[in-house]
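Here the structure comes first, spelled out in C-alpha cells, and everything after it is commentary.
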Amino acid sequence: MNTIAATTWRRTTRIAVGAGIGLVATAAGLGVGELVAAATGPDTSPVVAVGSGVIALTPRVLQEFAVSTFGSGHRPVLIAGVVTILAIAAAAAGYMALRRLAAGAVLLVALAGISMVAAAATAQGGATAVLPASAAAVTSVAALAGLIRLTRPRRSAGDPSTAPQDGSSAAGDHHPLRRRTLLLAGAGTAGAAVAAGLGGRMLQARLYDVANSRAAISLPQPASAAPALPAEHRFTVDGLSPFFTPARDFYRVDTALVIPQVPAQQWSLRIVGSVDRPLEITFDELLERELVERDLTLSCVSNEVGGPYVSTGRWLGFPLDRLLRQAGPHRGADQLLSRSQDGMTIGTPLETVLDGRDALLAVGLNGEPLPARNGFPARMIVPGLYGYTSATKWVVELDVTRFDEVDAYWTERDWDTTGKVKTASRIDVPRPLESLGQGEVTVAGVAWAQHRGISTVQVRVDGGDWQEAELSEPVSDDTWRQWRTTVRVTPGSPRIEVRAADGAGDFQPQERVDPFPDGATGWHSVAVTVTE
Ligand SMILES: Nc1nc2c(c(=O)[nH]1)N[C@H]1C(S)=C(S)[C@@H](COP(=O)(O)O)O[C@H]1N2
Ligand SMILES: [Mo]
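Quick note: the sequence shown uses the UniProt record's numbering, first residue 1, plus one each step.
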C-alpha cells in the first residue's frame, strides 16, 4: 500500500538515515551506560565488559598474542575493535528499524545482552555489574523509537487512517519539517550521549582512582634493608637498560582491561584453605610488621627472545613464608593459589614460597607504594618464577591447596604449572639495523636467571668465536646482570649474537622455542649495518 511513498525515498538515503539513527541511539545507550558505571565500577562499562569478555574467551593458541597485544599497552586496539563491531551492528539495527522498529530494537537489546553476560562474567561488583548494560539497552531502544518516529509522516489529527502502520512507508523528502526535526533530535541525542559518556568516564576516574589512597601512604623503613650494592653493580652505556627499572618504565602484563583500583584502606588479605589458623590482615597491620627490602628481577613467560617483559626493582614487603607459617599450612598441600581483586588466579608451587628464598607480599617498589598498574596496594613476587605463577597483583586471598585439586587461570590454559624462569640474555646496544662505522663497536645488554644467577655472558659476530663480555658485579642471584663488551665489525650487515650461562654454568640452548608452554629459549641476535 505504500509503494509510492517508499520509492520516493532513495535507498542510499534510507541506509544513511537508518545507520545514523542506529549509531546515535546506540551512542545514547553507551553514554548512559558510562554514567551508570560510575556507580557500579569502571569494569562494568558496557564496552569494557565486552572487551574483558573477549580477553577471557581468547583460546589458548591466541593467549600468547593476547598477553603481548592486549596485556601490555595495546588495549586500545581491543577497545577499538569492540567499538567498530558494535558500530556496524548499531547501524544495521537502525536500518532494520526503519522497516520494523521491533527488529532494530531486538538487535540493540541483544547487543546489550552480550555486554550484560560479559559484565556478569568479568566484573567484580556482583549483581549490579549488569546495570550499565541494562540502562544502555533501555536508553538505546527509547532513543531508537523516538528517532524512528520522526522518519514517519505526521498523522493528521483525527484521521489515523492516513498514517501508514508500518515503517516501510517512511517519509523524508516530502516532509521537510519532519526532516529538520529528525536532524535536530539526532544531533541533540548525539550531543547528550557524548556528554553522558565523558561525564561518566570523568566520574569513574574521580571515584575509583587510587591516586589519593597511594599518596596518603608513608611506607615504613624496612627492618631488613636491601644488601648494600656493589660499586660496579651497574654500567652506564647509552641505550643499556638501567640496573633498576624506573617504576614508570616497569613492564606491565595482565589481563585487566581497566587497571583495578583497590584503595589500601579497603584492602585485606585472607589466608585460607589447608591451614591450621586462617587469618586476615589489613594494609595497616601489614605496614606495622617487620618489612624487608629486596632487589628482585621479574620477568614474563610470554617474553619472546630479546623481548621487553623483564624489569628489576627494589621491593618492600613482608616475607611470604613468615605469613604462611603464621597460618600453619598443612602437610600435603603443594599449591599456593592466590586470587586477585580482579578475579585472576595464580598457582605457585608452595615449596618455592617456603624454601627460604625472598618470596614477598610486596607493598613498595623503588621507594614508593606500588603503582596501580603493578598491583597496588599489595602483590606477590617469588624470585625464580615467571610472573604468571608467582606475581599476583592486587592480591586479596591466598588459598593453601593442591595442584591436583584446583587449576589456576594459566594452567587451565595449559601453561606449565611450575613457571621456573629460564636463563635469558638480551642485546640492548646496538639497536637492530642501527648504522655503525666499521671497527670496534660497543655491545651491551642484560642477562637474567633469577635464583640461579648469571655466571657468564658471551658474544659473537656472524657465527665467529665466542668472546666473554664484562659483567656488572652481581647484586644477588635474583637480579639480572648488565654486560658489555666491544666487537670488531666490517662493512656489511653483520649479526651479533649473545648467550648467557646461569650460576651452575649451564648455557642457554640455541634452539628457538616459543614462549608456550614454559618460556622461550634461543639466543638473541641483532643485525646491524656497517659502512666504511
Ligand atoms: N591480577 C593479576 N596479576 C598478575 C597478572 C594478571 O593478569 N592479573 N599477570 C601476571 C603476569 S603473567 C606477570 S608476567 C606479572 C607482571 O607483573 P607487572 O605487570 O607488574 O610487570 O604479573 C602477574 N600478576
Ligand atoms: Mo607473564
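We put the CB at the ideal spot given by N, CA and C, even for glycine.
Any non-hydrogen atom of ligand 2 closer than 7 Å to residue i Cβ
i       : result
Gly-347 : no
Tyr-386 : yes
Val-301 : yes
Distance cut-off 7 Å: residue i Cβ against heavy atoms of ligand 1
i       : result
Asn-366 : no
Phe-376 : no
Asp-254 : yes
Lys-422 : no
Ala-192 : no
Leu-298 : yes
Ala-391 : yes
Gly-251 : The sequence as given places Tyr at residue 251; Gly does not occur at that position. It does: the Cβ of Tyr-251 is within 7 Å (strictly closer) of some heavy atom of ligand 1.
Asp-321 : no
Ser-311 : yes
Asp-416 : no
Asp-399 : no
Thr-394 : The amino acid at residue 394 is misidentified as Thr; the sequence shows Trp. Checking every heavy atom of ligand 1 against the Cβ of Trp-394, one is found closer than 7 Å.
Ser-525 : no
Ser-435 : no
Met-96  : no
Asp-518 : no
Ser-140 : no
Ser-340 : yes
Met-116 : no
Met-202 : no
Nearest candidate by alpha-carbon position, reference residue i, set the options
i       : options                               : result
Gln-266 : Ile-259, Thr-282, Tyr-251 and Val-275 : Thr-282
Ile-85  : Leu-361, Leu-108, Asn-374 and Glu-290 : Leu-108
Gly-387 : Ala-247, Arg-252 and Leu-370          : Arg-252
Val-475 : Ile-427, Gly-332 and Leu-296          : Leu-296
Pro-494 : Glu-468, Leu-433 and Gly-445          : Leu-433
Ala-120 : Ser-425, Ala-215 and Val-48           : Val-48
Arg-431 : Gly-445, Phe-403, Lys-420 and Ser-425 : Gly-445
Val-513 : Glu-304, Ala-92 and Thr-236           : Glu-304
Pro-319 : Ile-381, Pro-278, Val-117 and Leu-198 : Ile-381
Gln-326 : Leu-257, Glu-280 and Ser-435          : Glu-280
Gly-113 : Thr-418, Ala-136, Gly-104 and Ala-127 : Ala-136
Arg-357 : Ala-216, Leu-370, Asp-321 and Gly-367 : Asp-321
Glu-405 : Gly-332, Phe-507, Glu-473 and Gly-317 : Gly-332
Ala-264 : Asp-284, Asp-276 and Ser-274          : Asp-284
Val-400 : Thr-417, Arg-339, Ile-427 and Asn-366 : Arg-339
Gln-508 : Arg-452, Thr-529 and Ser-302          : Arg-452
Val-83  : Leu-23, Ala-391 and Gly-146           : Leu-23
Gly-81  : Gly-51, Ile-427 and Thr-417           : Gly-51
Ile-217 : Pro-42, Phe-376 and Thr-531           : Phe-376
Ala-225 : Arg-154, Leu-316, Ser-274 and Asp-276 : Leu-316
Own chain partners of residue i with C-beta closer than 6 Å, once the 5 adjacent residues on each side are dropped
i       : result
Ala-372 : Val-210 and Ile-259
Trp-415 : Pro-517
Arg-248 : none
Leu-131 : Val-36 and Thr-40
is_contact[residue i, chain B] using C-beta, thresh 8 Å
i       : result
Gly-306 : Given the protein chain composition of this structure (a single chain), no chain B is represented.
Residue environment, residue i, which counts as buried when at least 16 other CB atoms sit within 10 Å
i       : result
Asn-212 : exposed
Gly-53  : buried
Leu-269 : buried
Val-77  : exposed
Ser-169 : Low per-residue confidence applies at Ser-169: pLDDT is 44, beneath 50, and the placement is therefore not dependable, though the value from the model is reported in the following sentence. Burial call: buried.
Leu-182 : buried
Gln-450 : buried
Met-202 : exposed
Thr-423 : buried
Arg-206 : exposed
Leu-324 : buried
Ile-148 : buried
Glu-34  : buried
Ala-447 : buried
Gln-221 : exposed
Close beta carbons around residue i, own chain, < 7 Å, minus the five adjacent residues each side
i       : result
Ser-455 : Ala-501, Asp-502, Gly-503 and Gly-505
Glu-511 : Thr-521 and Gly-522
Glu-368 : Ala-247
Val-32  : Ala-135, Ala-136, Thr-139 and Ala-196
Arg-75  : Leu-257
Phe-235 : Ala-444, Ser-472, Gln-482 and Arg-484
>> Check whether the region 390 to 398 and the region 357 to 377 are in contact - that is, three or more C-beta pairs closer than 8 Å.
In response: With contact defined as three or more Cβ pairs closer than 8 Å, the region 390 to 398 and the region 357 to 377 are in contact.
>> Does the region 475 to 491 come into contact with the region 440 to 457, if we say contact requires no fewer than three beta-carbon pairs (one atom in each stretch) closer than 8 Å?
In response: The region 475 to 491 and the region 440 to 457 touch, with no fewer than 3 CB-CB distances between them shorter than 8 Å.
> Would you call the region 287 to 305 and the region 343 to 352 touching, i.e. three or more CB-CB distances under 8 Å?
Replying inline: They do not touch, by the three-pair rule.
> How do the region 468 to 483 and the region 508 to 523 stand: do at least 3 beta-carbon pairs fall below 8 Å, yes or no?
Replying inline: With a cut-off of 8 Å on Cβ pairs, the region 468 to 483 is not in contact with the region 508 to 523, counting fewer than three such pairs.
>> Check whether the region 191 to 203 and the region 235 to 244 are in contact - that is, three or more C-beta pairs closer than 8 Å.
In response: In this structure the region 191 to 203 does not lie against the region 235 to 244, because fewer than three pairs of beta carbons, one per stretch, are closer than 8 Å.
> Are the region 220 to 231 and the region 331 to 344 touching, with three or more C-beta to C-beta distances below 8 Å?
Replying inline: Touching, no.
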